[in-house]
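Worksheet: the structure to be examined is printed underneath.
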Amino acid sequence: MKYVIALDAGTTSVRAFVYDIAAKAFVHRAVQEIGQSFPHPGWVEQDADEIYYKCAYVLNDCIRFAGAENVAGVGITNQRETVVMWNRETGEPVCPAIGWQCRRTGAWCAALDEETKALVHARTGLVPDAYFSASKIVWNFQHIACVKELLRAGKLCAGTIDSYLIFKFTEGRSFVTDVTNASRTMLFNVHAMQWDEELLHRFRIPRGILAEVRDSDAHMGEIDVGGRRIPIAGVAGDQQAALFGQACLNAGEGKITYGTGLFLLFHTGAECIASESGLVTTAACRVRGKKAYALEGSSFHAGSGIKWLRDKLGLLSSAAESEALAQSVPDTGGVFFVPAFTGLGAPYWAPDARGLFAGITQSTGRAELVRAVLESIAYSARDLADCMQRDSGVPLASVRCDGGASANDFLMQFQADVLGKPVDRPVERESTALGAAFLCMLALGLTDEAEIASLRRSEKIFFPDPSVRERRETSYRQYCMAVRRALL
Ligand code: ADP
Numbered sequence: 034m035k036y037v038i039a040l041d042a043g044t045t046s047v048r049a050f051v052y053d054i055a056a057k058a059f060v061h062r063a064v065q066e067i068g069q070s071f072p073h074p075g076w077v078e079q080d081a082d083e084i085y086y087k088c089a090y091v092l093n094d095c096i097r098f099a100g101a102e103n104v105a106g107v108g109i110t111n112q113r114e115t116v117v118m119w120n121r122e123t124g125e126p127v128c129p130a131i132g133w134q135c136r137r138t139g140a141w142c143a144a145l146d147e148e149t150k151a152l153v154h155a156r157t158g159l160v161p162d163a164y165f166s167a168s169k170i171v172w173n174f175q176h177i178a179c180v181k182e183l184l185r186a187g188k189l190c191a192g193t194i195d196s197y198l199i200f201k202f203t204e205g206r207s208f209v210t211d212v213t214n215a216s217r218t219m220l221f222n223v224h225a226m227q228w229d230e231e232l233l234h235r236f237r238i239p240r241g242i243l244a245e246v247r248d249s250d251a252h253m254g255e256i257d258v259g260g261r262r263i264p265i266a267g268v269a270g271d272q273q274a275a276l277f278g279q280a281c282l283n284a285g286e287g288k289i290t291y292g293t294g295l296f297l298l299f300h301t302g303a304e305c306i307a308s309e310s311g312l313v314t315t316a317a318c319r320v321r322g323k324k325a326y327a328l329e330g331s332s333f334h335a336g337s338g339i340k341w342l343r344d345k346l347g348l349l350s351s352a353a354e355s356e357a358l359a360q361s362v363p364d365t366g367g368v369f370f371v372p373a374f375t376g377l378g379a380p381y382w383a384p385d386a387r388g389l390f391a392g393i394t395q396s397t398g399r400a401e402l403v404r405a406v407l408e409s410i411a412y413s414a415r416d417l418a419d420c421m422q423r424d425s426g427v428p429l430a431s432v433r434c435d436g437g438a439s440a441n442d443f444l445m446q447f448q449a450d451v452l453g454k455p456v457d458r459p460v461e462r463e464s465t466a467l468g469a470a471f472l473c474m475l476a477l478g479l480t481d482e483a484e485i486a487s488l489r490r491s492e493k494i495f496f497p498d499p500s501v502r503e504r505r506e507t508s509y510r511q512y513c514m515a516v517r518r519a520l521l
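The opening position of the sequence shown corresponds to residue 34 in the working numbering, with each subsequent residue numbered one higher.
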């Protein structure tokens with residue numbers, strides 16, 4: 034068998050990749066865009082049926098490319114937290130999927146009593162928030178009549194995207210998820226690595242509607258392709274899969290994903306560290322039965338700031354143009370940008386803060402504004418990295434990067450200078466899909482962790498420039514002052 038396939042079910046697109054085991058590289062890919070709907074301000078919904086059919090389409094495309102007889106298995110990675118509720122007998126979704134960005138349950142979360150909030154934090158490692166799955170499940174119970182009927186009839190399933198896709202691909206034979214996805218539901222005890230009975234009881238969510246939780250390198254079921262059964266093996270949520278794909282397998286290794294938002298994950302080994310700084314504790318990929326944890330910090334906006342400059346202000350014709358423009362000036366001339374389009378995430382957790390440009394003068398031009406937006410991405414990452422180091426007590430040695438905006442050399446160099454640490458960009462920047470491919474190969478005994486660590490190849494390492502160290506520290510402090518203004 035020459036190939037494994039990685040299926041990446043993201044928020045705005047689903048993609049499948051054929052990984053050539055001998056060549057150690059992706060050799061084919063297929064993409065389909067998927068829709069989101071916003072029925073009310075702050076609400077985000079998706080059609081689980083559409084997600085499934087488009088996943089099946091890209092998967093079939095890859096199987097056709099590879100030949101079913103050459104495919105050893107399929108690994109899955111997916112957008113996390115989003116909730117699907119479906120009929121166990123027919124596999125049909127019974128209501129729209131509630132997306133991870135959906136804020137409809139914000140008030141419900143805020144109204145939880147202090148004891149329950151503390152219990153959520155202690156048991157799940159998360160900050161009680163509408164972002165995580167539990168309140169989305171509760172909302173469906175409270176508002177969708179047929180959900181209650183199916184529950185009474187014992188035919189209801191609730192799960193994250195991975196569990197829905199596996200259920201559909203196996204025609205209902207497997208109702209399973211993995212620890213990384215379970216750890217984003219606000220119902221999973223990260224210490225015991227199982228559903229938390231007390232939280233389920235408090236939220237009145239019956240255990241029977243949830244999937245069985247398996248290791249990330251587990252066999253999950255089999256897909257029937259023209260009489261041949263291809264195993265689904267290896268599943269993880271997108272950020273944990275990216276951590277794995279970047280070969281961050283040990284304590285102290287971390288990665289930053291520069292996509293629409295910014296996600297910093299830092300492996301803490303077998304130690305489950307509670308954050309004092311507003312980060313969350315989460316399960317990292319569990320392979321060979323070994324408990325593994327990560328600290329995670331996210332900033333809602335990174336590349337989206339560049340998209341805003343392009344689409345709303347018309348200051349750029351393409352995202353890539355931001356690099357040359359930023360480099361065309363020596364600095365921003367004292368201009369700072371705070372990317373608080375929808376409030377600020379970790380470590381500020383200020384949903385009502387809004388974005389600002391500070392320090393504008395008559396000499397401020399397009400290049401300065403664009404550069405300030407790029408610099409703000411690096412400063413946000415510095416905020417999160419400082420929290421990580423404080424919480425874990427482990428100094429960051431270097432950081433691995435991926436995501437669309439990691440293509441920007443100016444940003445990566447500036448990031449290295451602001452962190453004072455090397456930033457290491459891999460040859461293969463599809464870390465999420467790579468993580469799913471690695472997990473699949475591990476599950477099937479086609480590789481081991483030592484080989485995975487050796488498979489990652491650096492394309493370029495950005496080293497901090499000591500001559501600008503002091504200047505970058507000063508400007509980071511000025512950025513922090515601008516953030517304080519945005520918080521007012
Ligand atoms: P996601 O997976 O979150 O949809 P991607 O990892 O595909 O995001 O990254 C897309 C984002 O990266 C967009 O917001 C875009 O503005 C930004 N981006 C892409 N290329 C560049 C670049 N060269 N410089 C800065 N930002 C970029």
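From the three backbone atoms N, C-alpha and C, an ideal C-beta is built for every residue, glycine too. As the structure is a prediction and not an experimental result, all values here were calculated from the model.
The ligand SAM heavy atoms versus the CB of Ala352: any closer than 7 angstroms? Absent from the structure shown: the ligand SAM. Ligands present: the ligand ADP.
Which of helix, strand or coil does DSSP assign to Met118? DSSP places Met118 in strand when its eight states are reduced to three.
State the DSSP-derived secondary structure class of Lys323, mapped to helix, strand or coil. In the structure shown, Lys323 sits in coil (DSSP, three-state: anything other than H, G, I, E or B).
Just how far apart, CA to CA, sit Ala144 and Arg237? Answer to the nearest angstrom: the Cα atoms are 16 angstroms apart.
Exposure of Cys95, with buried meaning 16 or more beta-carbon neighbours within 10 Å: Burial state of Cys95 is buried, judged by a 10 Å Cβ sphere holding 16 or more other Cβ atoms.
Among the residues of its own chain, which have a CB less than 7 angstroms from the CB of Val313, if the five just before and after it don't count? If we look at Val313 and ignore the five residues flanking it on each side, its Cβ neighbours are Gly158, Leu159, Val160 and Glu329.
My assumption, with CB atoms under 8 angstroms, is that Cys473 sits in contact with Val37. Please give the rounded CB distance. Rounded, the Cβ-Cβ distance is 4 angstroms, consistent with contact.
Round the Cβ separation of Asp53 and Val60 to the nearest angstrom and send it over; I've been treating them as touching at under 8 angstroms. Right, the Cβ-Cβ distance comes to about 5 angstroms (below 8 angstroms), so this counts as a contact.
Express the C-alpha separation of Leu40 and Ala251 in angstroms, rounding to a whole number. Taking the straight line joining both Cα atoms gives about 16 angstroms.
Would you tell me roughly how many angstroms separate the C-alpha atoms of Asp450 and Ala105, rounded to the nearest one? Computed Cα separation, rounded: 43 angstroms.
Alpha-carbon to alpha-carbon, Met421 and Lys345: Going from the Cα of Lys345 to the Cα of Met421 covers about 34 angstroms.
With Thr193 and Asn111 assumed to form a contact (beta carbons below 8 angstroms), what rounded beta-carbon distance in angstroms separates them? Right, the Cβ-Cβ distance comes to about 7 angstroms (below 8 angstroms), so this counts as a contact.
Asn173 by DSSP, collapsed to three states: which one? Asn173 falls in the helix class under three-state DSSP.
When DSSP labels each residue in this structure, what does Thr314 get in the three-state scheme? Under the three-state reduction of DSSP, Thr314 is assigned to strand.
Which listed residue (Phe208, Ala58, Gly132 and Gln446) has its alpha carbon closest to that of Arg240: Here the closest residue by C-alpha is Phe208.
Mapping DSSP to helix, strand and coil, what is Arg518? Here DSSP, grouped into helix, strand and coil, assigns Arg518 to helix.
In whole angstroms, give me the CA-to-CA distance for Ala325 and Phe374. Phe374 has its alpha-carbon roughly 33 angstroms from the corresponding atom of Ala325.
In the DSSP assignment, what are the bridge partners of Asn222? The partner list for Asn222 (beta bridge, DSSP) reads Gln227.
Of the choices Leu407, Ala244 and Ala151, whose alpha-carbon is the least far from that of Thr235? The identity of residue 235 in the sequence shown is Arg, whereas the question assumes Thr. Of the candidates Leu407, Ala244 and Ala151, the one whose C-alpha sits nearest the C-alpha of Arg235 is Ala151.
Do Glu492 and Pro455 have their C-beta atoms within less than 8 angstroms of each other? Not a contact, by the Cβ cut-off of 8 angstroms.
In terms of alpha-carbon separation, which member of Asp457, Asn93 and Lys87 lies closest to Asp257? If you compare the alpha carbons of Asp457, Asn93 and Lys87 with that of Asp257, the shortest gap goes to Asn93.
Val127 in three-state terms, based on DSSP: Residue state, collapsed to three classes: coil.
Whether Leu342 touches Val403 by CB criterion (8 angstroms): Contact: yes.
Would Cys190 and Lys288 qualify as a contact pair, given that the criterion is a beta-carbon distance under 8 angstroms? Their beta carbons are not under 8 angstroms apart, which means Cys190 does not touch Lys288 by this criterion.
Considering Cα atoms alone, identify which of Leu282, Gly292 and Ser409 is closest to Glu484. That would be Leu282, whose Cα lies nearest to the Cα of Glu484.
In terms of residues, what are the limits of the beta strand (DSSP E) holding His61? His61 -> beta strand (DSSP E) spans Ala58 to Glu66.
Could you tell me if the beta carbon of Ser332 falls within a distance shorter than 7 angstroms of some heavy atom in the ligand ADP? Because no heavy atom of the ligand ADP lies under 7 angstroms away, the Cβ of Ser332 does not count as near it: no.
At a threshold of 7 angstroms, does Ile339 count as lining the ligand ADP (C-beta to nearest heavy atom)? At least one heavy atom of the ligand ADP falls within 7 angstroms of the beta-carbon of Ile339.
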